[in-house]
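Taking it in order: structure first as structure tokens, then the write-up.
Chains as they are written, first to last, in this note's numbering: chain A, 100 to 234; chain B, 100 to 234; chain C, 100 to 234; chain D, 100 to 234; chain E, 100 to 234; chain F, 100 to 234.
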């Protein structure tokens with residue numbers, strides 16, 4: 100079993116707020132991240148695919164293909180976008196890094212046909228990151 | 100002459116748009132960066148102070164003091180903020196990385212009293228950065 | 100299950116020496132690291148918490164809380180300190196990166212109450228690092 | 100159980116081509132990587148050893164020893180070399196990052212006698228990497 | 100005056116050899132870099148343009164345009180190529196990092212029409228880099 | 100004119116204290132850095148040599164030679180050492196990053212005979228660094 104990682108970077112903005120809570124509760128929980136104007140990050144995304152080596156190619160999955168899947172299914176939808184208003188797979192979901200990682204997993208899990216999606220790692224800053232390995 | 104650098108990181112969002120241009124012209128020039136919902140970055144800021152060593156301390160400027168100046172004058176105003184709506188020193192200015200770097204220079208230049216402000220370097224992404232050395 | 104990482108950096112010094120061995124044996128084993136004056140590192144610490152997403156907040160654990168726990172329980176005790184003489188949880192223990200990682204685990208494991216401590220990763224240099232997952 | 104990592108960097112070149120395929124098939128699969136003149140990378144290699152702490156030394160394995168094993172068994176054979184023509188353990192194998200990681204595993208697995216080899220991580224670029232955990 | 104930097108990465112191979120010297124002299128000077136099969140690197144290229152801010156756009160030069168110039172004039176010619184055999188602007192020149200940086204400068208200097216080319220920085224490894232600011 | 104950089108890393112410890120000041124004054128100025136037990140860093144050192152390309156070699160200075168000079172004259176004296184007690188060229192000097200950079204300059208300036216020493220950059224942490232250009 101090998102683990103193949105493709106790293107991509109995108110820039111987006113978000114606001115953390117739970118519509119079921121009061122304004123005061125939202126400020127208590129999210130502090131600066133509740134700022135109504137939103138704020139943004141350069142997110143670093145690492146997609147890991149697990150599988151065996153295809154003896155014909157020497158690849159688990161051709162990284163050019165994996166890159167294309169990530170670009171089409173994720174980067175084109177999130178880069179230079181606002182998660183709360185513009186990203187279809189995050190509508191109605193609080194855009195914490197945790198929830199975005201799960202959302203990206205759900206978008207990709209059926210698109211990877213050589214090997215299988217093993218984990219989604221999402222770095223919000225150089226100090227804060229999330230890894231999700233599926234349900 | 101020595102050059103002392105302090106690095107700080109902050110997260111903010113912005114939208115690039117020139118109000119004197121038409122919508123089509125703005126899209127032509129700024130493309131994805133003109134997205135009305137804005138987008139964001141983890142900006143890396145490097146402040147360089149030039150000066151001679153104070154023989155009493157061995158410092159050009161105490162980096163704890165420089166850090167405090169940057170935190171008070173810049174980071175507290177820009178971190179988790181939207182440059183177009185919330186940052187006083189950027190009102191009425193297109194928030195390109197170039198203009199933000201000049202804005203930060205103007206905020207800091209009179210606050211540095213040991214040595215002198217030499218340059219403001221601002222990295223918008225790992226691939227795009229600006230340096231400004233004043234005047 | 101998600102894995103949430105918080106990264107912190109601290110600077111400390113240490114000397115590797117086993118008091119049950121002779122001076123010659125200590126030099127044989129630890130070489131430059133046995134230098135009596137000690138030497139130091141910028142240690143990078145990555146604390147990983149595993150857990151499920153709290154649907155109210157969208158967080159596994161609020162990273163502001165995790166940061167505060169790490170600052171209070173670890174960074175305040177080790178930053179700008181000498182592991183052999185000044186760090187309570189390392190007294191009587193050879194301060195290798197392995198043993199420091201285990202010591203940090205023991206200090207944190209009962210402090211994490213949302214999710215559970217999953218791993219302590221400690222980088223001594225850009226080339227040498229240790230990960231400990233308990234037990 | 101602790102995980103000890105040693106990181107090394109080497110520079111090498113390779114050409115991806117499967118001699119059992121036609122030229123057209125090779126270009127279809129490998130594209131730019133099939134260029135007959137070869138191309139190269141600064142590979143980053145991370146060797147992870149798993150084991151318990153030796154109470155005498157506080158080490159799982161002395162990183163100076165691990166470094167020496169990696170230098171002797173791997174770096175001396177691959178640094179500034181062409182994988183297709185000059186690296187004994189890669190002869191007759193398509194030098195994809197996957198296959199190189201497996202090759203390095205096979206060279207090292209019996210050389211690590213304190214703890215056991217846990218994984219070989221090989222980064223071909225800052226965006227593409229492979230991890231192999233044996234078997 | 101502002102300095103705008105665009106960073107790109109490419110992978111290439113080269114062999115250092117001076118055809119006017121004997122084989123022994125070449126080995127004496129270039130050691131491992133004289134290996135006839137060549138070796139390779141992930142080169143990091145930083146192109147710096149100096150200029151004033153255009154008040155209409157807030158840019159010195161649109162980084163999308165600068166990126167396109169670098170891709171067309173440099174990356175398309177050097178990525179996954181062998182400097183000794185395949186790169187037109189390096190034929191007949193020893194492909195040291197110094198000479199490649201000068202070659203890239205010559206290719207770009209007349210292509211930058213907003214601001215002016217200020218420097219070419221080329222990193223061969225994380226430890227070795229060259230900067231050229233023109234003649 | 101080209102600028103050639105060689106990067107090296109070393110680990111050392113130091114204590115900031117001015118013997119001409121009282122204990123209280125030293126604590127006021129240096130705070131945590133005045134800790135009597137000392138503390139340490141992984142210092143990153145970047146040595147820049149300026150010069151013209153030697154047409155015979157294509158080098159300004161052979162980086163293997165520059166590396167050897169830095170290893171012999173600096174790294175062998177400072178790595179795994181305490182600046183206050185063990186480094187000959189820092190005796191009687193407060194070991195701030197500024198003063199260490201000047202000390203390193205003085206050790207190297209007459210050793211570089213191809214090209215000339217242009218700058219010494221010394222990073223104490225990822226956030227604090229000093230550059231010295233002589234004179």
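Cβ coordinates follow ideal geometry from the N, Cα and C atoms, glycine included.
The DSSP-derived three-state label of residue 220/A is strand. Within a 10 Å sphere around the beta-carbon of residue 121/E sit fewer than 16 other beta-carbons, which makes this residue exposed.
Here the alpha carbon of residue 188/A sits roughly 18 Å from the alpha carbon of residue 140/A. The beta carbons of residue 234/B and residue 150/B sit no closer together than 8 Å. Counting only the Cα atoms, residue 119/A lies some 21 Å from residue 185/A.
A straight line joining the alpha-carbon of residue 209/C with that of residue 123/F spans about 38 Å. The alpha helix (DSSP H) runs lying completely inside the stretch 106–147 of chain B and spanning 4 residues or more are 122–129, given in chain order. As the crow flies, the alpha-carbon of residue 126/B is around 43 Å from that of residue 230/D. Counting along the chain, the unbroken beta strand (DSSP E) around residue 228/F starts and ends at 227–231. When C-beta distances to chain A are compared with 8 Å, the residues of the stretch 218–229 of chain D below that value are 225, 226, 227, 228, 229, in chain order. Look at residue 153/F here: in three-state DSSP terms it is strand.
Rounded to whole angstroms, the gap between the alpha carbons of residue 195/A and residue 145/F is 39 Å.
The C-beta of residue 223/C has 16 or more other C-beta atoms within 10 Å across all chains shown, which makes the residue buried. Interface flag for residue 121/B against chain E is unset, since no Cβ pair is found closer than 8 Å.
Looking at the DSSP output, residue 103/C sits in a beta bridge with 229/A, 148/C. Residue 104/A is a Cβ neighbour of residue 147/A, given a cutoff of 8 Å.
The C-alpha of residue 100/D lies about 16 Å from the C-alpha of residue 156/D. Shown in chain order are the members of the stretch 174–199 of chain A whose Cβ falls below 7 Å from a Cβ of chain C: 193, 195, 197, 198. Rounded to the nearest angstrom, the gap between the Cα atoms of residue 220/B and residue 203/C is 36 Å. Look at residue 205/F: its C-beta is not under 8 Å from any C-beta on chain C. Sequence-distant partners of residue 197/D (beyond 5 residues in either direction) whose C-beta falls short of 6 Å from its own C-beta, in its chain, are 229. Excluding its 5 nearest sequence neighbours in each direction, residue 227/C has C-beta neighbours in its own chain below 8 Å: 196, listed in chain order. In the three-state reduction of the DSSP assignment, residue 158/B falls in the coil class. The distance from the Cβ of residue 138/A to that of residue 132/B is about 16 Å, inconsistent with a contact at the 8 Å cut-off. Here the alpha carbon of residue 217/B sits roughly 14 Å from the alpha carbon of residue 106/B. For residue 195/A, there is no enclosing alpha helix (DSSP H), since its DSSP letter is neither H nor E.
One Cα belongs to residue 134/B, the other to residue 116/B, and the distance between them is close to 9 Å.
The beta carbon of residue 211/A is closer than 8 Å to those of 148, 160, 165, 168 in its chain, skipping five residues each way along the sequence. The C-beta distance from residue 172/E to residue 225/E rounds to 26 Å, too long to fall under 8 Å, and the pair is not in contact. With a 10 Å radius around the Cβ and a threshold of 16 neighbouring Cβ atoms, residue 112/F comes out buried.
Setting aside the 5 residues that flank it on each side, residue 192/D is surrounded in the same chain by 198, 202, each with a C-beta closer than 7 Å to its C-beta; the list follows chain order.
Using a 10 angstroms sphere on the CB of residue 175/D, the tally of other CB atoms stays under 16, which defines it as exposed. Among the residues of the stretch 133–149 of chain B, none has a Cβ less than 7 Å away from any Cβ of chain F. DSSP places residue 182/F inside the alpha helix (DSSP H), whose first and last residues are 182–185. Excluding five sequence positions before and after residue 102/B, the CB atoms of its chain that fall closer than 7 Å to its own CB belong to 147, 149, 217, given in chain order.
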